[in-house]
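A.B. asks: Have a look at this one before I ask anything.
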Amino acid sequence: MKFNRRSLLRGSCQGALAVMGLPFLDCFLNNKGQAQTNGRPLPTRFNTFFWGCGLTASLWIPKKAGTDWDMTVQLKPLEPFRKKMNVFSGLRVPLDSKPNGQHWSGLAAANTGIAPFRGGEFESRTIDQQVAEVIGKGVRFRSVAASSSGDPRQSYSSLGGTNLLPSEPTPLSLYTRLFGPGFQDPTKGDWKPDPRILLQKSVLSAVAEDRKRVMQNLGASDRGRMDQYFTSVRQTEQQMEAELQRPNIEAKVSIPEPPSGDLVANNASPNLRVITPLMARLGAMALATDQTRVFNLSVSSPQNAMFVPGDPLGFHQSTHEEPVDPKLGYQPRVHEYNVASMELFAAFLKELDAIQEGDGTLLDHSLVMAFTDQAYARIHSVDGLPILVAGGAGGRMKTGYHIAGDNSPVSRVGLTLQKALGVSVDTWGKESLQVRSPYTELLA
Amino acid sequence: MPKRVHGALSLTLAICGGAGVVAAPPAENSYVASLRRLTEQEYRNSIADVFGKEIEVRGSFEPTKRTGGLAAASTGLLSVTPVGFESFSKMANDIAGQVIAEKYRAKLPCAPRNPKAPDDVCAREILSHYGMLLFRRPLTATELDNRVGLSRRMTERTNDFYAGMQYGLSMLLQLPDFIFRTEVAIPSADGESGTLDSYSRATRLSFLMWNTTPDAELLKAAGNGELNTSAGLARQVDRLMASPRLEVGMSAFFDDMLQLDTFDTVSKDSLLYPKWGSAMATSAREETLRTVIGLTLHDNGDIRDLMTTRQTYFDRRLAMLYRVAFPFKGDWVKYEFPADSGRSGILTQISMLSMFSHPGRSSPTKRGVALQEIFLCSPTPEPPNDVDFSEVNNTDGPVKTLRERLMAHTTNKVCAACHQHTDPIGLSLEAFDTIGGYHTTENGAPIDVSATIQGRTFSGAQGLGQYMHDNPRYPACVARRLYSYSRGLKYSTVDDFEDAYKAFQDSGFRLRALLKSMAVSNSFYDVGPPGKPPLNDSTEIAKQ
Chain R
51 MKFNRRSLLR GSCQGALAVM GLPFLDCFLN NKGQAQTNGR PLPTRFNTFF WGCGLTASLW
111 IPKKAGTDWD MTVQLKPLEP FRKKMNVFSG LRVPLDSKPN GQHWSGLAAA NTGIAPFRGG
171 EFESRTIDQQ VAEVIGKGVR FRSVAASSSG DPRQSYSSLG GTNLLPSEPT PLSLYTRLFG
231 PGFQDPTKGD WKPDPRILLQ KSVLSAVAED RKRVMQNLGA SDRGRMDQYF TSVRQTEQQM
291 EAELQRPNIE AKVSIPEPPS GDLVANNASP NLRVITPLMA RLGAMALATD QTRVFNLSVS
351 SPQNAMFVPG DPLGFHQSTH EEPVDPKLGY QPRVHEYNVA SMELFAAFLK ELDAIQEGDG
411 TLLDHSLVMA FTDQAYARIH SVDGLPILVA GGAGGRMKTG YHIAGDNSPV SRVGLTLQKA
471 LGVSVDTWGK ESLQVRSPYT ELLA
Chain S
3 MPKRVHGALS LTLAICGGAG VVAAPPAENS YVASLRRLTE QEYRNSIADV FGKEIEVRGS
63 FEPTKRTGGL AAASTGLLSV TPVGFESFSK MANDIAGQVI AEKYRAKLPC APRNPKAPDD
123 VCAREILSHY GMLLFRRPLT ATELDNRVGL SRRMTERTND FYAGMQYGLS MLLQLPDFIF
183 RTEVAIPSAD GESGTLDSYS RATRLSFLMW NTTPDAELLK AAGNGELNTS AGLARQVDRL
243 MASPRLEVGM SAFFDDMLQL DTFDTVSKDS LLYPKWGSAM ATSAREETLR TVIGLTLHDN
303 GDIRDLMTTR QTYFDRRLAM LYRVAFPFKG DWVKYEFPAD SGRSGILTQI SMLSMFSHPG
363 RSSPTKRGVA LQEIFLCSPT PEPPNDVDFS EVNNTDGPVK TLRERLMAHT TNKVCAACHQ
423 HTDPIGLSLE AFDTIGGYHT TENGAPIDVS ATIQGRTFSG AQGLGQYMHD NPRYPACVAR
483 RLYSYSRGLK YSTVDDFEDA YKAFQDSGFR LRALLKSMAV SNSFYDVGPP GKPPLNDSTE
543 IAKQ
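These protein sequence lines are chains R and S, in that order.
The numbering used here puts the first sequence at residues 51 to 494.
The numbering used here puts the second sequence at residues 3 to 546.
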């Protein structure tokens with residue numbers, strides 16, 4: 051028997067109406083999802099990695115551009131992936147008449163192509179959401195965000211304005227969201243949808259029908275908020291539709307058992323070194339089993355509070371208070387934190403690269419944008435913001451390059467990524483950050 | 003004779019076949035004055051009060067965002083993201099599933115004639131009963147018909163009356179009418195302002211006083227017009243204030259005002275401060291709330307004494323941090339610090355000292371910024387972008403103490419303006435380390451805890467406590483925050499509740515006097531005209 055989403059939406063089963071109750075559900079259960087395996091190409095994924103307070107320019111920027119770039123001391127942790135990534139240096143962040151909001155303007159510019167008016171707010175949807183709208187449809191989660199230092203507010207994924215899409219703050223909460231109730235393991239032979247989902251979906255349709263009533267007598271800003279509310283209702287409905295279908299996967303993975311208890315997630319660097327790979331692995335599993343195609347991982351807030359036990363200052367405070375060593379020419383403790391941040395990024399890439407699927411790894415079928423808020427945290431400067439992009443986007447992105455100091459606006463990276471991901475976009479960004487030419491040399 | 007507050011009841015009530023209260027559609031000219039997303043605690047308290055404490059709430063809540071010093075102010079600005087709704091949806095199904103489970107279904111207001119078939123009469127009774135409690139107003143006939151219809155369809159699909167009810171109740175829990183506190187207003191005759199309808203009055207009162215949904219009696223007082231008379235309103239305010247649940251409401255306010263949720267993201271350096279564990283934060287938060295509630299509600303004390311009192315409450319963990327002996331038995335004990343302890347009110351409790359510090363070091367600036375904002379409603383601007391702090395940080399150089407390092411700021415004019423605002427407060431607390439421990443030397447040099455603010459010189463935490471106690475901006479700040487909190491505003495001034503503030507002053511700064519005077523005044527329920535809610539405009543921030 052063939053089943054597709056349309057027939058489910060109509061609520062019919064072998065021509066019978068859905069109102070007949072349990073027998074309808076039974077006939078659904080007997081179908082073990084074979085209708086799904088139709089040999090589609092592997093999906094491309096988009097991920098972001100955020101760390102706060104940037105790097106040290108004299109220590110991370112390679113001298114040579116092109117594919118033959120020299121490895122630097124701060125990029126060294128990424129050595130295993132140098133052929134699978136691109137390094138962008140010398141990017142400008144023109145803010146026009148907007149203020150340079152400390153620890154915010156740079157990341158917002160890289161993330162939206164628009165210089166923000168206010169700290170903590172984005173002027174548009176962030177790039178992951180713009181991409182998710184195109185590549186993330188039809189899967190369970192439009193996007194998933196996680197914070198490895200334990201703060202749900204620590205998310206750089208937004209639908210615009212003040213509403214951030216909250217991060218899962220612990221490995222257990224991330225596991226539960228991805229693989230807890232509602233998850234059917236597509237790696238198992240006995241995959242079947244949960245019959246309760248159909249009922250729950252009917253409730254959501256009924257909620258959505260109340261939209262008109264709710265919208266009455268509202269002021270303009272509350273209308274916007276209720277609009278968002280009902281968009282969220284719709285997206286949850288779509289999530290349930292996706293849960294009724296068996297994802298088409300090629301990766302050989304097995305979903306780990308749930309963690310027995312939760313681990314302490316905070317800013318202490320030993321904890322970050324345990325939690326970050328764990329969350330990266332869960333995210334990678336979710337991507338490999340096509341639960342989501344967009345995974346955002348952050349390891350800190352912009353004012354990066356990472357600290358090594360015994361250091362009373364921590365990363366952010368060190369960037370402002372540690373003197374530049376006159377002999378070395380840089381802040382030595384800050385350098386250590388910069389390297390630690392790249393080690394955490396490498397841990398994320400390692401998990402993505404460890405999963406084989408089809409003709410390559412999950413990383414090969416992804417793009418990962420690593421970005422930050424400051425070019426030189428000590429004085430809050432944003433010009434020269436480092437951006438690293440890993441993954442081959444399923445062959446559509448050439449890798450191994452250092453794109454050096456051509457003074458492009460930072461938004462040019464975002465435009466290039468969207469082109470590689472098949473997002474139909476001609477220009478991206480606003481005012482001086484508006485760009486129309488991607489790095490064509492990187493697009494395959 | 004009770005004075006009529008305003009003539010028209012917004013909702014005309016009709017009793018419908020014993021199936022509970024049903025409302026007519028809202029008055030034609032009414033409008034929504036504000037929509038405030040329930041906080042996690044408001045949601046949890048509402049579920050416990052509507053369905054019973056045995057019903058578990060399992061799931062995560064979208065975070066709020068502090069605006070103008072209060073998380074409450076953001077509830078009127080934030081919406082629900084897809085991630086947030088996904089969680090609300092799961093929780094709704096889970097909660098409704100527990101409510102109809104065999105274990106608890108005897109509590110439902112009726113039982114169906116046949117548990118395997120639809121029973122519209124019983125469904126209607128269940129949905130109108132819970133609908134009114136969840137929406138804080140009766141459902142309209144159309145709404146009720148619609149929910150009963152959904153339940154019937156779900157029963158037909160599952161051949162289970164209770165499954166049908168589960169999804170009917172689940173729908174109520176997923177509608178914005180539950181997830182948001184909707185304040186409905188009637189415009190005044192001249193259209194220049196409006197006043198909340200009686201159910202919205204009940205809601206504002208209940209969340210302020212008890213941090214939960216209005217109880218049956220309050221809803222009844224809204225329904226029969228009692229809340230629209232001065233005497234009836236005063237009667238309900240007195241009832242709410244006489245209940246021990248007032249502590250729950252005021253704890254929620256102080257938790258927000260004192261920014262105690264900062265603890266959610268505080269980590270301490272376990273090498274430098276091995277005594278600190280994550281459980282400390284929970285205890286420290288409770289210590290502060292117990293102190294505040296004890297002084298303001300139990301003892302009906304002067305709120306200014308919160309800055310100077312030496313009375314506090316300990317558990318075993320805190321006693322260890324404070325280096326005070328703890329009795330052999332017991333969870334929490336009342337304790338009075340000796341006069342020479344250096345402690346002064348909640349300023350020197352572990353909560354305030356540790357939340358606004360670095361992981362391994364105290365921070366006079368962070369403490370100064372936080373205390374200025376929390377207690378004096380005086381926020382500090384961001385430092386300039388290119389400021390160089392490094393010269394002040396070298397502890398190996400000639401500059402030993404943090405005070406000496408900070409004093410370097412005053413040699414720089416750009417820094418001085420703000421640091422003179424924040425640092426004296428912080429420096430007077432320098433005897434307390436990042437987890438609130440007391441010490442008298444730093445890097446071998448004695449700590450100087452003297453400070454001068456606005457021409458007034460004092461020494462140490464007790465000097466700071468007295469300075470704050472005597473500063474008229476402190477009680478005014480508490481009152482403004484309470485008013486803003488109750489209405490979800492980013493900003494308010496004491497002029498917005500002049501009479502209540504006067505009552506507060508006249509009482510010798512008793513919280514109960516402020517709260518009562520605010521809640522019984524008609525103007526407390528006034529709102530802006532349609533399309534323009536009062537004072538919730540971001541330009542108002544600039545005045546602060």
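We put the CB at the ideal spot given by N, CA and C, even for glycine.
With distances taken between CB atoms, is the gap from H452/R to P112/R smaller than 9 Å?
C.D. replies: Against a cut-off of 9 Å, the Cβ pair of P112/R and H452/R comes out as a contact.
A.B. asks: With a floor of 4 residues, list each alpha helix (DSSP H) that falls wholly inside the stretch 251 to 299 of chain R, ordered by position along the chain.
C.D. replies: For the stretch 251 to 299 of chain R, whole alpha helix (DSSP H) runs of length 4 or above, ordered along the chain, are 261 to 265, 270 to 293.
A.B. asks: Using a Cβ-Cβ cut-off of 9 Å, state whether M276/R counts as contacting chain S.
C.D. replies: With 9 Å as the cut-off, M276/R counts as an interface residue toward chain S.
A.B. asks: So S525/S contacts chain R; which residues on that side make the cut at Cβ distance below 7 Å?
C.D. replies: Per Cβ cutoff of 7 Å: no residues; S525/S is ~21 Å from chain R at best.
A.B. asks: Need the endpoints of the alpha helix (DSSP H) that L378/S sits in, please.
C.D. replies: It spans 366 to 378 - the alpha helix (DSSP H) in which L378/S sits, taken as one unbroken run.
A.B. asks: Check whether the Cβ atoms of Q10/R and V184/R lie closer than 9 Å to each other.
C.D. replies: This structure does not reach residue 10/R, given that chain R is present from 51 up to 494, and the question cannot be answered.
A.B. asks: What does D271/S reach in chain R if we use C-beta pairs closer than 8 Å?
C.D. replies: Chain R residues near D271/S: A318, F357, P359, G360, D361, P362.
A.B. asks: With distances taken Cα to Cα, identify the nearest neighbour of R132/R among K400/R, D409/R, T422/R, V473/R.
C.D. replies: The option with the nearest alpha carbon to R132/R is K400/R.
A.B. asks: CB-CB under 6 Å to S76/S, same chain, minus the five flanking residues each way: which ones, in chain order?
C.D. replies: Result list for S76/S: T66, K67, T69, in chain order.
A.B. asks: Measure from the alpha carbon of D508/S to the alpha carbon of each residue in I305/S, G196/S, V101/S, then state which is nearest.
C.D. replies: It is I305/S.
A.B. asks: For a contact meaning CB atoms closer than 7 Å, what does S223/R contact in chain S?
C.D. replies: The answer, in chain order, is S62.
A.B. asks: Which residues in the same chain as F511/S place their Cβ atom closer than 6 Å to its Cβ, once the five residues preceding and following it in sequence are excluded?
C.D. replies: Within the same chain, F511/S has close Cβ partners D304, I305, R306, P477.
A.B. asks: Just checking: is the beta-carbon of A165/S within a distance shorter than 9 Å of some beta-carbon in chain A?
C.D. replies: Considering every chain present, this structure includes no chain A. Its protein chains are R and S.
A.B. asks: Does DSSP classify P144/R as helix, strand or coil?
C.D. replies: The answer is coil: DSSP assigns P144/R none of H, G, I, E or B.
A.B. asks: According to DSSP, is N97/R helix, strand or coil?
C.D. replies: Three-state result, N97/R: strand.
A.B. asks: Is the shortest distance between the beta-carbon of A159/R and the beta-carbons of chain S less than 9 Å?
C.D. replies: Judged by the 9 Å Cβ criterion, A159/R is not in contact with chain S.
A.B. asks: With three or more beta-carbon pairs closer than 8 Å as the criterion, would you say the stretch 222 to 232 of chain S touches the stretch 196 to 211 of chain S?
C.D. replies: Output reads yes: the stretch 196 to 211 of chain S touches the stretch 222 to 232 of chain S.
A.B. asks: Under 7 Å Cβ-Cβ, which residues of chain R neighbour H360/S?
C.D. replies: Those are P362, L363, G364, Q367, listed as they occur along chain R.
A.B. asks: Residues of chain R with CB closer than 7 Å to the CB of L146/S, please, in chain order.
C.D. replies: Per Cβ cutoff of 7 Å: no residues; L146/S is ~13 Å from chain R at best.
A.B. asks: Is the beta carbon of V194/R less than 9 Å from the beta carbon of A336/R?
C.D. replies: Yes. Within cutoff.
A.B. asks: Identify the contact partners of D201/R in chain S, using a Cβ-Cβ distance below 8 Å as the criterion.
C.D. replies: Those within 8 Å of D201/R in chain S are D266, T267.
A.B. asks: With DSSP as the reference, identify every bridge partner of W478/R, one or two as the case may be.
C.D. replies: DSSP output for W478/R lists V485/R as bridge partner(s).
A.B. asks: Any beta-carbon of chain S closer than 9 Å to the one on Q86/R?
C.D. replies: Residue placement at Q86/R cannot be trusted, given a pLDDT of 29 that sits under 50; what the coordinates show is reported in the next sentence. Taking Cβ atoms only, chain S never reaches closer than 9 Å to Q86/R, which makes this a no.
A.B. asks: Could you check where the alpha helix (DSSP H) with T205/S kicks off and where it finishes?
C.D. replies: Segment 200 to 212, the alpha helix (DSSP H) holding T205/S.
A.B. asks: Beta carbon of F90/S, beta carbon of G54/S: below 9 Å?
C.D. replies: No; because the gap between Cβ atoms is not below 9 Å, this pair is not in contact.
A.B. asks: Going by alpha carbons, who is nearest to D201/R out of F280/R, V349/R, P309/R, L483/R?
C.D. replies: Of F280/R, V349/R, P309/R, L483/R, the residue nearest in Cα terms is V349/R.
A.B. asks: With a threshold of 7 Å on Cβ separation, who are the neighbours of H423/S within its own chain once the five nearest residues in sequence on each side are excluded?
C.D. replies: Same-chain partners within the cutoff: Q374, T382.
A.B. asks: Which residues of the stretch 83 to 117 of chain S have a Cβ closer than 9 Å to any Cβ of chain R? Give them in chain order.
C.D. replies: Listed by position along the chain: T83, P84, V85, G86, F87, E88, S89, F90, S91, K92, A94, N95, D96.
A.B. asks: Where does K270/S land, buried or exposed, given buried means 16+ other C-beta within 10 angstroms?
C.D. replies: That one is buried.
A.B. asks: Under 8 Å by Cβ, that's how I've got S108/R and Y380/R pegged, so tell me the actual separation to the nearest angstrom.
C.D. replies: Confirmed, Cβ separation roughly 6 Å.
A.B. asks: Take Q313/S and list the residues in its own chain whose beta-carbon comes closer than 6 Å to its own, dropping the five residues that flank it on each side.
C.D. replies: The answer, listed in chain order, is E338.
A.B. asks: Once you ignore the five residues that flank T106/R on each side, which residues in its own chain have a CB closer than 6 Å to its CB?
C.D. replies: Y380, H385, N388.
A.B. asks: Taking the alpha carbon of S195/S as the point to measure from, which residue in L299/S, Y33/S, I128/S, D240/S has its own alpha carbon closest?
C.D. replies: Ranking the options by Cα distance to S195/S, first place goes to Y33/S.
A.B. asks: Quick test of your reading: M354/S and M470/S, contact by CB under 8 Å. State the CB separation rounded to the nearest angstrom.
C.D. replies: The Cβ separation is near 12 Å, so there is no contact.
A.B. asks: Measure the alpha-carbon distance for R115/S versus L152/S and round it to whole angstroms.
C.D. replies: Computed Cα separation, rounded: 19 Å.
A.B. asks: Give the interface partners of G370/S over in chain R, defined as CB-CB distance under 7 Å, in chain order.
C.D. replies: Per Cβ cutoff of 7 Å: no residues; G370/S is ~16 Å from chain R at best.
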